[in-house]
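These notes concern the structure reproduced below.
There are 2 protein chains.
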Amino acid sequence: MTGFAEAKRAVDEALDKAKLCVVVGECRVRYEGRAASKLSEGDRLLIIKPDGTFLVHQGSKMAAINYQGPGAAITTAASEGGLTVTAQRLKPLKETIEVEFSRVDFAGSFEMRDDKKLKLFGSERELSGLLMQDLNVLEKGLRPLKKESAMPKGAVDILAEDALGHLVAIEVKRRDAGLAAVTQLNRYVHELRKRKGGVVRGILCSPSITANAHKMLEQEGLEYVKLDYEIGNPCAKIRGLEKKQRDLHEY
Amino acid sequence: MTGFAEAKRAVDEALDKAKLCVVVGECRVRYEGRAASKLSEGDRLLIIKPDGTFLVHQGSKMAAINYQGPGAAITTAASEGGLTVTAQRLKPLKETIEVEFSRVDFAGSFEMRDDKKLKLFGSERELSGLLMQDLNVLEKGLRPLKKESAMPKGAVDILAEDALGHLVAIEVKRRDAGLAAVTQLNRYVHELRKRKGGVVRGILCSPSITANAHKMLEQEGLEYVKLDYEIGNPCAKIRGLEKKQRDLHEY
DNA sequence: CGTGCCAGGTGCCCT
DNA sequence: AGGGCACTTGGCACG
Chain A
1 MTGFAEAKRA
11 VDEALDKAKL
21 CVVVGECRVR
31 YEGRAASKLS
41 EGDRLLIIKP
51 DGTFLVHQGS
61 KMAAINYQGP
71 GAAITTAASE
81 GGLTVTAQRL
91 KPLKETIEVE
101 FSRVDFAGSF
111 EMRDDKKLKL
121 FGSERELSGL
131 LMQDLNVLEK
141 GLRPLKKESA
151 MPKGAVDILA
161 EDALGHLVAI
171 EVKRRDAGLA
181 AVTQLNRYVH
191 ELRKRKGGVV
201 RGILCSPSIT
211 ANAHKMLEQE
221 GLEYVKLDYE
231 IGNPCAKIRG
241 LEKKQRDLHE
251 Y
Chain B
252 MTGFAEAKRA
262 VDEALDKAKL
272 CVVVGECRVR
282 YEGRAASKLS
292 EGDRLLIIKP
302 DGTFLVHQGS
312 KMAAINYQGP
322 GAAITTAASE
332 GGLTVTAQRL
342 KPLKETIEVE
352 FSRVDFAGSF
362 EMRDDKKLKL
372 FGSERELSGL
382 LMQDLNVLEK
392 GLRPLKKESA
402 MPKGAVDILA
412 EDALGHLVAI
422 EVKRRDAGLA
432 AVTQLNRYVH
442 ELRKRKGGVV
452 RGILCSPSIT
462 ANAHKMLEQE
472 GLEYVKLDYE
482 IGNPCAKIRG
492 LEKKQRDLHE
502 Y
């Protein structure tokens, strides 16, 4: 249990010194901006980051129940009855979060030295790159033309040419493909047919696909290839693809 | 600065008593599961919720740099050199996060009594409901048939009939519509034409639409109506729509 | 800056 | 449980 004045000092110091601020206590939360919300009294965890990020967490679930991205201006106001912390952001839209603490269990500020970035393996981008190294895994005679080929209506993951010289649009998904993936691929294929003319094939490549999506895929004359991959370190590996690829993702 | 043994006690108590656990300090993070990641030494904030939620935050940005949803089993191990906290989840997939603290600035546990749920205003669902109250805002003579009409390939927000008796699929977006919104609506329209036959119109209704999306919309023969709304409390209001609607969202 | 899209997306609701 | 989708989505990369 912490006094409100003391808690306010902790928050203010964090704001002054660009430290991380953590407050735990009972509060109500009000939000107005892109939407509006209210949250009645309950125990919550408030996090304020040096960059203005503002997060209110409940005692369960991953997602913050109220939040505001970097750039928020934070103000505090303490009275005998409580502590109010307000976050206001003007860009890209005027947004306000107000947290009213009626009890503070903890309030602290911490310096956060950290210049490290996450190294992630197994992203779609990585899989897409790997796959392009050897398109024969998908089909014999398939040759890569362009990666992340940008079109006005989005970018095809891989643009290739098959043994017959037909254009092939390949959409790679790192997880189960649904209807959205099929419509996305379909959009690219139609766009390419209109721009380039001639036969344009479309291949969806993912670990699995839902029944509805597969049915729609067939109706649209598109193709499906199961993508069997393993996540590894320093890089992922496509099963059946043995070509070593150490130049990308040098460790 | 806190001793590792002491920090371990704080974490263990939180796990025992189903409390929220907060740890701040310098650590390295390793993740393996749906993907794999590494994060070198730096100051981070670790949050462990009673339901097993596990969050590692850096000093900036909104999103946790490493995380695990509810259901993770957490174990701790302290030595002279550090404190290691591990979160492992088996469902829906085996996933592991390992956080190795080389310095602990704070470790605490807090009870989190909270049975309140967020009341949110201005969701797409709410706007969709409001809009259906008076479809004349969109077009004279438009009559609502069904809300959230479920089809095997997704649900149309609003299914309506125009003055000529033609079926109209309406897709409502609470924010700027892009290509995805157009393809989504297009999918519903094509599905309805195949199932019901006859003329089926499609109307996209959003505050704004990107240039590309609008071009594609027109090419597909779909229609666009600007949705002008205000977010309010206890409920949102569609501009030009004056019908009072107090039965939903009773305050 | 807008536009598009991936995300270890998460969470919700529906069948 | 599987599927489709909204989300105050966030975050990034590219034109």
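Chains as they are written, first to last, in our numbering: chain A, 1 to 251; chain B, 252 to 502.
We put the CB at the ideal spot given by N, CA and C, even for glycine.
Strictly below 8 angstroms CB to CB, what residues from chain B border residue i?
| i | result |
| --- | --- |
| Pro92 of chain A | By Cβ distance, chain B contributes nothing, its closest Cβ being about 11 angstroms from Pro92 of chain A, past 8 angstroms. |
| Gly122 of chain A | Arg285, Ala286, Ala287 |
For chain A, is any of its Cβ atoms less than 8 angstroms away from the one on residue i?
| i | result |
| --- | --- |
| Pro458 of chain B | no |
| Leu266 of chain B | no |
| Leu290 of chain B | yes |
Please check if any C-beta of chain B sits within less than 8 angstroms of the C-beta of residue i.
| i | result |
| --- | --- |
| Arg44 of chain A | yes |
| Ser128 of chain A | no |
| Arg187 of chain A | yes |
| Asp228 of chain A | no |
| Ile47 of chain A | yes |
| Leu20 of chain A | yes |
How would you call residue i, buried or exposed, if buried means at least 16 neighbouring beta carbons within 10 angstroms?
| i | result |
| --- | --- |
| Asp356 of chain B | buried |
| Gly198 of chain A | exposed |
| Thr304 of chain B | buried |
| Asn66 of chain A | buried |
| Asn387 of chain B | exposed |
| Glu422 of chain B | buried |
| Glu346 of chain B | buried |
| Lys49 of chain A | buried |
| Ala107 of chain A | buried |
| Arg394 of chain B | exposed |
| His57 of chain A | buried |
| Ala462 of chain B | exposed |
| Arg196 of chain A | What sits at residue 196 of chain A in the sequence shown is Lys, not Arg. Exposed, because fewer than 16 other Cβ atoms sit within 10 Å of the Cβ of Lys196 of chain A. |
| Glu377 of chain B | buried |
| Ser457 of chain B | buried |
| Glu283 of chain B | buried |
| Met112 of chain A | buried |
| Gly3 of chain A | exposed |
| Leu415 of chain B | exposed |
| Leu192 of chain A | buried |
| Asp43 of chain A | buried |
| Arg490 of chain B | exposed |
| Ala64 of chain A | buried |
| Lys8 of chain A | buried |
| Met132 of chain A | buried |
List, in order along the chain, the chain A residues whose C-beta lies closer than 7 angstroms to that of residue i?
| i | result |
| --- | --- |
| Ser400 of chain B | Going along chain A, no residue has its Cβ under 7 angstroms from Ser400 of chain B, so there is no contact; the nearest lies around 16 angstroms. |
What whole-angstrom Cβ distance do residue i and residue j have, given they're in contact under 8 angstroms?
| i | j | result |
| --- | --- | --- |
| Glu474 of chain B | Arg452 of chain B | 7 angstroms |
| Ile74 of chain A | Leu15 of chain A | 6 angstroms |
| Lys153 of chain A | Leu430 of chain B | 6 angstroms |
| Arg89 of chain A | Ala77 of chain A | With a Cβ gap of about 18 angstroms, Arg89 of chain A and Ala77 of chain A do not count as contacting. |
| Lys19 of chain A | Phe101 of chain A | So it is not a contact: roughly 19 angstroms between Cβ atoms. |
| Arg28 of chain A | Ser40 of chain A | 6 angstroms |
| Gly122 of chain A | Ala286 of chain B | 4 angstroms |
| Ile586 of chain B | Ala487 of chain B | The question about residue 586 of chain B has no answer here: the residues shown for chain B are numbered 252 through 502. |
| Arg174 of chain A | Glu124 of chain A | 4 angstroms |
Going along chain B, which residues have a C-beta under 7 angstroms from residue i?
| i | result |
| --- | --- |
| Ile231 of chain A | Ala286, Ala287 |
Can you name the residues of chain A whose CB is closer than 8 angstroms to the CB of residue i?
| i | result |
| --- | --- |
| Lys404 of chain B | Leu179, Asn212, Met216 |
Can you pull the chain B residues whose beta carbon is under 9 angstroms from the beta carbon of residue i, in chain order?
| i | result |
| --- | --- |
| Val24 of chain A | Leu271, Val273, Gly359, Phe361, Met363 |
| Thr183 of chain A | Ala431, Thr434, Gln435, Asn437, Arg438 |
| Pro50 of chain A | Gly310, Ser311 |
Next item on the list: Could you run through the segment 305-336 of chain B and flag, in chain order, every residue whose CB is less than 9 angstroms away from some CB of chain A?
Entry: Going along the segment 305-336 of chain B in chain order, one finds Phe305, Leu306, His308, Gln309, Gly310, Ser311, Lys312, Met313, Ala315, Ile316, Asn317, Tyr318, Gln319, Gly320, Pro321 with a Cβ nearer than 9 angstroms to chain A.
Next item on the list: Name, going along the chain, the residues of the segment 104-121 of chain A whose beta-carbon falls closer than 9 angstroms to a beta-carbon of chain B.
Entry: When CB distances to chain B are screened at a threshold of 9 angstroms, the residues of the segment 104-121 of chain A falling below it are Asp105, Phe106, Gly108, Phe110, Glu111, Met112, Arg113, Asp114, Asp115, Lys116, Lys117, Leu118, Lys119, Leu120, Phe121, in chain order.
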